[in-house]
Amino acid sequence: MKIIETVDEFRQAYALAKKPLGLAPTMGFLHEGHLSLVKRAREDNATVAVSIFVNPSQFGPNEDYGAYPRDMESDLRKLEEAGVDLVFAPDAAEMYPDGFDTYVDVGSIAERLEGGHRPGHFRGVATVVCKLLTIVRPDRVYFGQKDAQQCLVIKRLSRDLNLGAEVIVCPTVREADGLAMSSRNVNLNAEEREAARVLFKSLQLAEYMFFSGIKDANELRRQMRHTIEEEPLAKIDYVSVADGDTLRELDVAASPALVSVAVNFGKTRLIDNITL
Ligand code: PAF
2 MKIIETVDEF RQAYALAKKP LGLAPTMGFL HEGHLSLVKR AREDNATVAV
52 SIFVNPSQFG PNEDYGAYPR DMESDLRKLE EAGVDLVFAP DAAEMYPDGF
102 DTYVDVGSIA ERLEGGHRPG HFRGVATVVC KLLTIVRPDR VYFGQKDAQQ
152 CLVIKRLSRD LNLGAEVIVC PTVREADGLA MSSRNVNLNA EEREAARVLF
202 KSLQLAEYMF FSGIKDANEL RRQMRHTIEE EPLAKIDYVS VADGDTLREL
252 DVAASPALVS VAVNFGKTRL IDNITL
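Convert by adding 1 to the 1-based position in the sequence shown; the result is the number in this note's numbering.
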């Protein structure tokens, strides 16, 4: 496994790498969810690259950029075990050198849900992913369904700017009690961790109601809110039942609708979703 910190060096490695090349972009602090992307990339490609970069431009001024968990040594061990060939781990100055002044704005799909609550977030994500796809030039790029809107934003980006990578979305990996794996879970204290089970519980409730014949999206959102609000440590950012392609809120839920939630537990903000 080769660890590469500069764009120039990655370009040289690219020239020598067997194709097709698959990339799993990450911000590190790797868990089973990330490793499932790597495993899928390993099955599909001759060369597997993973990027590790905590991207400052996707964090708002009051968000957790500084507190975002990091553990490069442990990440590299996991990637080596998973059979990764290339790790791209640039520092912030390599990705955003002095005078950097070009950003990528994806349109309406990036404005709702996470985009509405985290202004500038998807501008940062789209910019860094555009750069990663241009530097790494993968044939396939792998993302987790847990960040459903991010997947839609990146598909739009890749299509609109002809970035040439097939975007592959892999299923959300969950803990035994249903909590979606996230690097941020480590920031939950014991009570918050227990409380966070309510995320998946609310999504399961929506699924149960939908398949029992309740298609009124307001009623689904209302019952989900009610379930989450029963948990005193949970502070809701949004509860959404939206069209799976446009992310417009629905009046009547119809398959495939994206049911998604964003909830704060103390200082930790978690998101999760299911598709009906
Ligand atoms: O999902 C993430 O970890 C990040 O948003 C990504 C795609 C690596 C871009 O920084």
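Glycine residues also receive a C-beta, built at the ideal position from the N, C-alpha and C atoms.
* **Minimum C-alpha distance to arginine 141 - residue among Ser256, Ile155, Ala149** => As a working mapping, residue 141 is identified with position 140 in the sequence shown. Out of Ser256, Ile155, Ala149, Ile155 has the C-alpha closest to the C-alpha of arginine 141.
* To do: Compute the Euclidean distance between the alpha carbons of alanine 235 and leucine 17, then round it to the nearest angstrom.
  => Here residue 235 corresponds to residue number 234 of the sequence shown, with the count starting at 1. Here residue 17 corresponds to residue number 16 of the sequence shown, with the count starting at 1. Distance between the alpha carbons of alanine 235 and leucine 17 is about 50 Å.
* **Same chain only: Cβ atoms within 6 Å of alanine 25, ignoring 5 sequence neighbours per side** => Position 24 of the sequence shown, counting from 1, holds the residue named residue 25. Result list for alanine 25: Leu38, Val39, Ala42, Val51, Tyr143, in chain order.
* Asked: In terms of alpha-carbon separation, which member of Met96, Ala90, Leu22, Glu81 lies closest to serine 58?
  -> Along the sequence shown, one-based indexing puts residue 58 at 57. Nearest C-alpha to serine 58: Met96.
* What are the start and end residues of each continuous alpha helix (DSSP H) run of 4 or more residues lying completely inside the region 191-218, in chain order? -> 191-196, 198-212
* **Cα-Cα separation, arginine 223 to serine 203** => Working through the sequence shown from its first residue, we reach residue 223 at position 222. Working through the sequence shown from its first residue, we reach residue 203 at position 202. Arginine 223 and serine 203: Cα-Cα distance of roughly 10 Å.
* Three-way DSSP call (helix, strand, coil) for tyrosine 306 in this model -> Nothing about residue 306 can be read from this structure; the chain reaches only from 2 to 277.
* Could you name the residues, in chain order, whose CB is less than 6 Å away from a heavy atom belonging to the ligand PAF? -> Pro26, Thr27, Met28, Asn56, Gln59, Val126, Val129, Val130, Asp148, Gln151
* Helix, strand or coil at asparagine 274 [DSSP, three-state] -> Taking the first residue of the sequence shown as 1, we reach residue 274 at position 273. In this structure, asparagine 274 counts as strand in the three-state DSSP scheme.
* When we look at the beta-carbon of asparagine 1 and count the other beta-carbons within 10 Å, is it buried (16 or more) or exposed? -> Here the chain has residues from 2 to 277 only, and residue 1 is not among them.
* Note down, in chain order, each residue of its chain lying with its Cβ closer than 7 Å to the Cβ of glutamate 44, except the 5 sequence neighbours on either side. => In the sequence shown, residue 44 corresponds to position 43, counting from 1. Closer than 7 Å at Cβ, skipping near neighbours: no residue.
* Please report how far the alpha carbon of aspartate 106 lies from the alpha carbon of arginine 124, in whole angstroms. => Your numbering for residue 106 matches position 105 in the sequence shown. Your numbering for residue 124 matches position 123 in the sequence shown. Those two C-alpha atoms are separated by around 5 Å.
* To do: Consult DSSP for proline 26 and reduce its assignment to one of helix, strand or coil.
  => As a first step, residue 26 must be located in the sequence shown, where it is residue number 25. Three-state result, proline 26: strand.
* With distances taken between CB atoms, is the gap from tyrosine 15 to arginine 185 smaller than 7 Å? -> Against the sequence shown, residue 15 aligns to sequence position 14. Against the sequence shown, residue 185 aligns to sequence position 184. It is not a contact, given that the beta carbons lie outside the stated cut-off.
* Asked: Taking the alpha-carbon positions, what's the threonine 128 to glycine 121 distance?
  -> Here residue 128 corresponds to residue number 127 of the sequence shown, with the count starting at 1. Here residue 121 corresponds to residue number 120 of the sequence shown, with the count starting at 1. About 11 Å.
* Asked: Does the beta-carbon distance from valine 242 to leucine 251 come in below 7 Å?
  -> Here residue 242 refers to the residue found at position 241 when the sequence shown is read from its first residue. Here residue 251 refers to the residue found at position 250 when the sequence shown is read from its first residue. Yes, these two residues count as a Cβ contact at 7 Å.
* **Inter-residue spacing [alpha-carbon to alpha-carbon] between lysine 216 and threonine 228** => Start at 1 with the first residue of the sequence shown, and residue 216 comes out as number 215. Start at 1 with the first residue of the sequence shown, and residue 228 comes out as number 227. So the alpha carbons of these two residues sit roughly 18 Å apart.
* **Closest Cα partner of glutamate 230 within the set Pro21, Pro257, Asn265** => Taking the sequence shown and counting its residues from 1, the one referred to as residue 230 is at position 229. Checked all of Pro21, Pro257, Asn265; the closest Cα to glutamate 230 is Asn265.
* Asked: Would you call the region 29-37 and the region 159-176 in contact, with 3 or more CB pairs under 8 Å?
  -> yes
* Going by DSSP, what residues sit across from leucine 114 in a beta bridge? -> The residue labelled residue 114 in the question sits at position 113 within the sequence shown. None; leucine 114 has no bridge partner.
* To do: Locate the alpha helix (DSSP H) running through glutamate 33, then write down its first and last residues.
  => Against the sequence shown, residue 33 aligns to sequence position 32. Looking at the DSSP string, the run of the alpha helix (DSSP H) that includes glutamate 33 is 33-45.
* Close-in-space but distant-in-sequence residues of the same chain around proline 172 (CB under 7 Å, 5 per side omitted) -> As a working note, residue 172 is residue 171 in the sequence shown. The answer, listed in chain order, is Gln146.
* Asked: Cβ of phenylalanine 89 within 7 Å of Cβ of phenylalanine 11?
  -> Residue 89 sits at position 88 when you count from the first residue of the sequence shown. Residue 11 sits at position 10 when you count from the first residue of the sequence shown. Yes; because the gap between Cβ atoms is below 7 Å, this pair is in contact.
* To do: Flag this pair as yes or no: are the beta carbons of leucine 180 and threonine 269 separated by less than 7 Å?
  => Residue 180 sits at position 179 when you count from the first residue of the sequence shown. Residue 269 sits at position 268 when you count from the first residue of the sequence shown. Not closer than 7 Å, so no.
* Proximal residues to proline 70 (C-beta, below 6 Å), its chain only, five neighbours per side dropped -> For the purposes of this step, residue 70 is taken as the residue at position 69 of the sequence shown. Closer than 6 Å at the Cβ level, and outside the excluded window around proline 70, lie Phe30, Ser184, Val187.
* Asked: Rounded to a whole number of angstroms, what is the C-alpha to C-alpha distance between threonine 276 and valine 260?
  -> Looking up residue 276 in the sequence shown gives position 275. Looking up residue 260 in the sequence shown gives position 259. Taking the straight line from one Cα to the other gives about 6 Å.
* Go ahead and label glycine 61 buried or exposed: buried means 16 or more other beta carbons lie within 10 angstroms of its beta carbon, across all protein chains shown. => As a first step, residue 61 is located in the sequence shown; it is residue number 60 there, counting from the start. By the 10 Å Cβ count, glycine 61 comes out exposed.
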